[in-house]
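A quick write-up on the structure given underneath.
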Amino acid sequence: MFKDARLVRPVPAIIYLMKIYNTLTRQKEPFEPKIPGKVSMYVCGPTVYNYIHVGNARTFLSFDVIRRYLAYSGFDVTFVQNITDVDDKIIARAAQEERSPEDVAQFYTDAFIAEMRAVGVQDPDVRPKATQMIPEMVSLIQQLIESNHAYETDQGDVYFAVRSFAQYGKLSGRDVDDLLHGVRKDIDDSKRDPLDFALWKAAKPGEPSWDSPWGAGRPGWHIECSAMSDAELGIPFDIHGGGVDLVFPHHENEIAQTEAATGTPMAHYWMHGGMLQTSGEKMSKSLGNFMLLHDLLKDFEPNVIRLLMLQTHYRSPLDFSDTRLHEAATSLHRIQTLIDRAASTLERARNPATWRKRTRQMFPTPSSTLLQSAYVKANSEFRAEMNDDFNTAGAVACLFDLIRQMNSFLDQATGADAARPDGATGDGPTLDEDEILALRSAYDTLVQLFGVLGIVLAPTAAIAISPQAEALLQQRGDARAAKDWARADQIRDELDALGFEVKDTPQGPQLVAK
Ligand code: AMP
Ligand code: ZN
Numbered sequence: 168m169f170k171d172a173r174l175v176r177p178v179p180a181i182i183y184l185m186k187i188y189n190t191l192t193r194q195k196e197p198f199e200p201k202i203p204g205k206v207s208m209y210v211c212g213p214t215v216y217n218y219i220h221v222g223n224a225r226t227f228l229s230f231d232v233i234r235r236y237l238a239y240s241g242f243d244v245t246f247v248q249n250i251t252d253v254d255d256k257i258i259a260r261a262a263q264e265e266r267s268p269e270d271v272a273q274f275y276t277d278a279f280i281a282e283m284r285a286v287g288v289q290d291p292d293v294r295p296k297a298t299q300m301i302p303e304m305v306s307l308i309q310q311l312i313e314s315n316h317a318y319e320t321d322q323g324d325v326y327f328a329v330r331s332f333a334q335y336g337k338l339s340g341r342d343v344d345d346l347l348h349g350v351r352k353d354i355d356d357s358k359r360d361p362l363d364f365a366l367w368k369a370a371k372p373g374e375p376s377w378d379s380p381w382g383a384g385r386p387g388w389h390i391e392c393s394a395m396s397d398a399e400l401g402i403p404f405d406i407h408g409g410g411v412d413l414v415f416p417h418h419e420n421e422i423a424q425t426e427a428a429t430g431t432p433m434a435h436y437w438m439h440g441g442m443l444q445t446s447g448e449k450m451s452k453s454l455g456n457f458m459l460l461h462d463l464l465k466d467f468e469p470n471v472i473r474l475l476m477l478q479t480h481y482r483s484p485l486d487f488s489d490t491r492l493h494e495a496a497t498s499l500h501r502i503q504t505l506i507d508r509a510a511s512t513l514e515r516a517r518n519p520a521t522w523r524k525r526t527r528q529m530f531p532t533p534s535s536t537l538l539q540s541a542y543v544k545a546n547s548e549f550r551a552e553m554n555d556d557f558n559t560a561g562a563v564a565c566l567f568d569l570i571r572q573m574n575s576f577l578d579q580a581t582g583a584d585a586a587r588p589d590g591a592t593g594d595g596p597t598l599d600e601d602e603i604l605a606l607r608s609a610y611d612t613l614v615q616l617f618g619v620l621g622i623v624l625a626p627t628a629a630i631a632i633s634p635q636a637e638a639l640l641q642q643r644g645d646a647r648a649a650k651d652w653a654r655a656d657q658i659r660d661e662l663d664a665l666g667f668e669v670k671d672t673p674q675g676p677q678l679v680a681k
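Numbering (my numbering), first residue to last: 168 to 681.
In structure tokens, the structure reads:
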């Protein structure tokens with residue numbers, strides 16, 4: 168909103184060192200992408216058999232912030248997220264709802280995309296669907312059979328031979344012999360080893376299936392990600408992400424498949440998000456303690472949900488509760504109040520007649536110097552926190568510190584009015600030119616850095632809503648209640664002509680200045 172070219176801050180040309188915790192090596196490592204300046208990133212997507220819950224959303228929001236920060240740091244990021252649209256759970260859901268599995272998968276894929284957009288998660292660059300990459304999966308399975316890492320059974324299933332891959336367990340730190348104790352051997356199991364897992368499942372009547380060298384069937388879950396990540400990014404790619412519950416067996420198996428077939432590492436950095444919990448327990452569909460994201464969105468703004476998530480480091484468990492939601496709503500309100508306050512002060516300062524003349528021209532006023540150092544500090548500390556394995560909690564704390572300092576700057580500017588030697592008066596704070604410049608830069612810093620975290624801030628309303636517009640909004644509500652859609656549309660046009668847009672929000676229709 169403030170476009171004065173003189174006021175644009177130069178981007179500091181400092182190379183910041185970024186560190187990422189790598190599950191594979193169990194330590195924070197300097198981030199060095201395969202190709203300097205570029206980042207290739209794959210994050211496991213949902214299995215589309217239901218609406219996603221808030222726990223799933225946490226993982227997707229975390230990786231959205233990580234991706235945004237990488238892009239902000241100057242990397243050209245390619246972000247791939249798959250959709251698992253063939254799976255036992257989808258087939259079970261379809262049977263339950265008497266729909267086809269394709270219908271179920273399409274419905275929940277659309278819902279997932281809409282909900283991700285609603286919470287401001289950026290679309291991936293590529294969103295491959297498992298069912299569209301069957302040939303790639305078949306060819307990877309063939310490679311594994313040819314290199315004796317997989318075998319076909321009499322029933323037309325194909326299994327990965329876990330013991331054929333010496334490094335099995337390297338991601339999760341598990342020992343193959345220990346694993347064996349936890350596995351039950353079914354008497355009629357056609358697997359050679361109880362640890363082996365399915366790469367291809369022979370078709371059962373009525374289930375979706377594809378032709379393959381082993382007869383009709385469908386892929387196992389793990390092979391999907393091995394095939395899709397290679398097809399879209401090529402191995403090794405830089406970052407592979409997901410929730411920590413995917414470390415074993417999903418990611419361990421992805422590594423085994425890809426690396427056994429190719430002899431090449433699959434990904435350099437394995438990043439895992441902590442679980443969202445309620446009352447100390449992981450939120451999950453199977454435990455029944457879940458809240459669906461689209462239900463939460465009926466009561467809370469996306470920014471509240473995001474702010475709540477940001478206040479915990481992405482690798483730590485996050486306790487989700489009503490209390491924490493309300494605390495986040497209060498924090499967001501504090502941010503919004505400051506934004507409105509600063510924006511209206513700056514709006515007023517567009518008129519030079521309101522500027523306070525400085526008594527001593529040579530030196531900037533102490534308050535402007537103080538605010539300037541506050542936003543410079545916020546900027547560099549924000550980066551330092553984010554470069555330390557994306558510490559969003561620390562980054563948000565830096566921004567709240569800046570908010571505190573901006574508030575005290577504004578308090579001081581307002582309070583000092585009466586006592587000012589230049590006798591300036593007016594209905595708002597009077598600032599001199601340096602103070603305006605400092606406030607504008609602090610405001611831009613705050614908006615920009617919250618934007619990096621995916622929290623888009625703007626003044627509540629750029630212009631006051633006229634009584635005429637309010638009356639029209641009321642009439643539109645009445646027309647809609649009476650199902651008089653033509654009149655409702657007509658009123659929408661009239662509001663449009665007055666410069667307002669009607670937004671339907673969870674709190675009801677609201678006017679927004681265009
Ligand atoms: P799924 O559809 O179960 O494969 O889950 C999709 C994503 O959500 C995966 O990255 C999981 O790790 C993640 N996820 C599932 N439950 C939770 C939870 N309670 N907290 C955080 N992430 C979760
Ligand atoms: Zn995956």
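Positions of the beta carbon are idealized from the N, C-alpha and C atoms, including for glycine.
Of Gly384, Thr581, Val543, Thr597, the smallest CA-CA separation from alanine 520 is found for Thr597. If you draw a straight line from the Cα of proline 203 to the Cα of isoleucine 658, it comes to about 54 Å.
According to DSSP, valine 253 shares a beta bridge with no other residue. At least one heavy atom of ligand 1 falls within 8 Å of the beta-carbon of phenylalanine 227.
Going by C-alpha positions, lysine 449 is about 13 Å away from leucine 413. In this structure serine 357 is exposed. Its beta-carbon is surrounded by fewer than 16 other beta-carbon atoms within 10 angstroms. Exposed is the label assigned to proline 197, since fewer than 16 other Cβ atoms lie within 10 Å of its Cβ. Distance from the Cα of leucine 678 is smallest, within the candidate group Ala646, Asp645, Ala638, Ala653, for Ala638. In the DSSP assignment, glutamine 310 falls within the alpha helix (DSSP H) that extends over 301-313. Measuring C-alpha to C-alpha distances from proline 361 to each of Val343, Glu264, Asp378 identifies Val343 as the nearest.
Look at the segment 382-465 and you find these whole runs of beta strand (DSSP E), each 3 residues long or longer: 384-386, 404-410, 434-440, 443-445. The beta carbon of tyrosine 542 sits closer than 7 Å to those of Leu569, Ser608, Ala609, Thr612, all from its chain and outside the five residues before and after it, given in chain order. Of the heavy atoms belonging to ligand 2, none sits nearer than 8 Å to the Cβ of histidine 439. Rounded to whole angstroms, the gap between the alpha carbons of leucine 616 and asparagine 470 is 14 Å. With 5 Å as the limit, the residues whose C-beta approaches any heavy atom of ligand 2 more closely are Cys211, Cys392, in sequence along the chain. DSSP, read as helix, strand or coil, puts tyrosine 542 in helix. Excluding sequence positions up to five before and after glycine 382, its CB lies within less than 7 Å of the CB of Gly323, Ala369, all in the same chain and listed in chain order.
Selection Asp489, Lys337, Met304 evaluated against alanine 365 yields Met304 as nearest (Cα-Cα). Of the residues Leu477, Val619, Gly384, Gln635, the one whose Cα lies closest to the Cα of alanine 564 is Leu477. Excluding sequence positions up to five before and after methionine 283, its CB lies within less than 7 Å of the CB of Phe227, all in the same chain and listed in chain order. Within the segment 194-220, no run of alpha helix (DSSP H) at least 4 residues long lies entirely inside it. Look at isoleucine 233: its beta carbon is at least 8 Å from all of the heavy atoms in ligand 1. For leucine 413, the shortest C-beta to heavy atom distance toward ligand 1 is below 8 Å. In the DSSP annotation of this structure, valine 623 is not part of any beta strand (DSSP E), being labelled neither H nor E. Apart from the 5 residues on each side of it in sequence, arginine 341 sits with its Cβ closer than 7 Å to the Cβ of Phe415 in its chain, given in chain order. For asparagine 470, the enclosing alpha helix (DSSP H) covers residues 469-477.
The DSSP-derived three-state label of glutamine 677 is strand.
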